[in-house]
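Numbering (the numbering used here), first residue to last: 44 to 248.
For glycine and all other residues, C-beta sits at the position ideal for the given N, C-alpha and C.
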């Protein structure tokens, strides 16, 4: 999807995905060590990064859309959360090695498998030994609900896919389930979700 698509989507006074952090982030924030350095790619209007910063973490967040980033900055100002934001196409990102304690990626499923594999490789490079990768997204069953997310089945996560792609990680949490989302007007209604929390084994790297 193009930058123009995302700019148009976020070009409204309303927060498209709401202002509250994902329930996934709230539920799994206890995995994070105090004062973690966290990368949050594709965080749109900032709901997750603002929340994580409010917990005392050092948060760097990106989005493709300048309009989304401006809204995110305003949201964090209202919540007294200090986040470093950057407008970025995540697929152009060139990470430093072993920079982050955690990478938290929420609903970033608009890449075909080849591009997703490249992105996952960058996540692995950017994580410190013992760092956490936390993914939250839609499973293929979401195509029955059509309440958000991509329409291409190959973009959706399965447990087998994530086990394979993060086989060298210590899998702490991997769950598929149905839930009713109320995250703005873009994520609203019954949804087929998948959660993963995995730790980078330091002996592997």
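Just verifying my parser: in three-state terms, what is the DSSP assignment at residue i?
i, result
"residue 97", "helix"
"residue 267", "No statement about residue 267 is possible, as the shown extent of the chain runs from 44 to 248 and does not include it."
"residue 59", "coil"
"residue 2", "Residue 2 is absent from the structure shown; the chain starts at 44 and stops at 248."
"residue 189", "coil"
"residue 74", "helix"
"residue 226", "strand"
"residue 248", "In this prediction, residue 248 has a pLDDT of 48, which is less than 50 and means its spatial position is unreliable; nothing more can be read from the coordinates."
"residue 199", "coil"
"residue 51", "helix"
"residue 64", "coil"
"residue 124", "coil"
"residue 135", "helix"
"residue 113", "helix"
Since residue i and residue j are thought to touch, with beta carbons under 8 Å apart, how far apart are those beta carbons, to the nearest angstrom?
i, j, result
"residue 53", "residue 111", "4 Å"
"residue 192", "residue 152", "6 Å"
"residue 126", "residue 119", "5 Å"
"residue 90", "residue 60", "6 Å"
"residue 205", "residue 242", "Not confirmed; about 14 Å, so no contact."
"residue 101", "residue 78", "7 Å"
"residue 170", "residue 141", "7 Å"
"residue 224", "residue 182", "Not confirmed; about 13 Å, so no contact."
"residue 176", "residue 212", "7 Å"
"residue 190", "residue 230", "7 Å"
"residue 179", "residue 238", "5 Å"
May I ask you to list the residues that DSSP assigns as paired with residue i?
i, result
"residue 105", "129"
"residue 242", "175 and 213"
"residue 81", "102 and 145"
"residue 181", "236"
"residue 170", "143"
Does the Cβ of residue i have 16 or more other Cβ atoms within 10 Å, making it buried, or fewer, making it exposed?
i, result
"residue 58", "buried"
"residue 228", "exposed"
"residue 234", "buried"
"residue 207", "exposed"
"residue 203", "exposed"
"residue 150", "buried"
"residue 84", "buried"
"residue 198", "buried"
"residue 220", "exposed"
"residue 187", "exposed"
Answer yes or no: the CB of residue i versus the heavy atoms of the ligand HEM, is any distance below 6 Å?
i, result
"residue 86", "Only the bare structure without any ligand can be found here, which leaves the ligand HEM out of the picture."
Length-filtered (3 minimum) beta strand (DSSP E) runs lying within the stretch 137-166: Inside the stretch 137-166, DSSP marks whole beta strand (DSSP E) runs of 3 or more residues at positions 143-149, from first to last along the chain.
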